[in-house]
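Position in the sequence shown (from 1) plus 10 gives the number in the working numbering.
Note that beta-carbon positions come from the ideal geometry of N, C-alpha and C, so glycine has one too.
The model shown is predicted, which means the values in this text are computed figures rather than measured ones.
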Amino acid sequence: MASFRLSDRTNIFWLLALEGADLLWINKKGQNLAHLLMHHRASHEEILNVLFDTGVDPAVTDLDCRTLAHHGAIHGVFTKDLLKFLEYRGVLDLHTRDSIGKTPLNYAEEEVNREFPEDIFSIHRQRGELENS
Numbered sequence: 011m012a013s014f015r016l017s018d019r020t021n022i023f024w025l026l027a028l029e030g031a032d033l034l035w036i037n038k039k040g041q042n043l044a045h046l047l048m049h050h051r052a053s054h055e056e057i058l059n060v061l062f063d064t065g066v067d068p069a070v071t072d073l074d075c076r077t078l079a080h081h082g083a084i085h086g087v088f089t090k091d092l093l094k095f096l097e098y099r100g101v102l103d104l105h106t107r108d109s110i111g112k113t114p115l116n117y118a119e120e121e122v123n124r125e126f127p128e129d130i131f132s133i134h135r136q137r138g139e140l141e142n143s
C-alpha cells in the first residue's frame, strides 16, 4: 500500500468504511486510523470528521504518548488548515509531551528547519537527460 497516492488511499478508506470496516481499529503501536492518516502527508478533514464522529478519540495517545497533532507535525501535515480544523473540533492540544518530552510544536519546528538533501537529479532533468529514449 506504500506506493498508493493519497487519493487512492482515500478511495480505499471510503470503500472499507462503506463495507463496514472497523474504524476504531488500533495497530500494535497503539495508533488509530487518525494517527495513521497523518503519516501520508495530508490531513483529510472529511475523513477525520468521519473518524471522530464514529468514536475515534482525537486526544488518545499511542504507545509513544504521541497524539494526532504529534503525528501531523512529524509527518509534515501540521498546517494552518489542520490547526483550524482541530481547533474547530475542540481537540487542538499543542502542549502534550510524548515519551521523549517533545510537543507537537517541537516536531513542527524541526520539520520546518529540516534540511533536505540536494536533488541529485535536478541538473540532469534540466538537461533532459532523464527522459525515456
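What does the alpha-carbon distance come out to for the pair residue i and residue j?
i    : j    : result
P114 : D18  : 28 Å
N116 : Q41  : 20 Å
V60  : A27  : 9 Å
E29  : V66  : 18 Å
D32  : K94  : 27 Å
F62  : E121 : 26 Å
H45  : E125 : 25 Å
Let me confirm a value: residue i is counted as buried when at least 16 other C-beta atoms fall within 10 Å, else exposed. Which label applies?
i    : result
I57  : buried
N105 : What sits at residue 105 in the sequence shown is His, not Asn. Flag for H105 reads exposed.
For residue i, I'd like the list of residues in its chain whose CB is within less than 7 Å of its CB, leaving aside the five on either flank, ordered along the chain.
i    : result
D74  : D108 and S109
A69  : T77, V101 and D103
A118 : A83 and F88
F23  : I57
Residue i and residue j look like a contact to me (Cβ under 8 Å); what is the Cβ gap, rounded to whole Å?
i   : j   : result
H81 : H49 : 7 Å
W35 : L25 : Going by Cβ atoms, the distance from W35 to L25 rounds to 15 Å, so no, they are not a contact pair.
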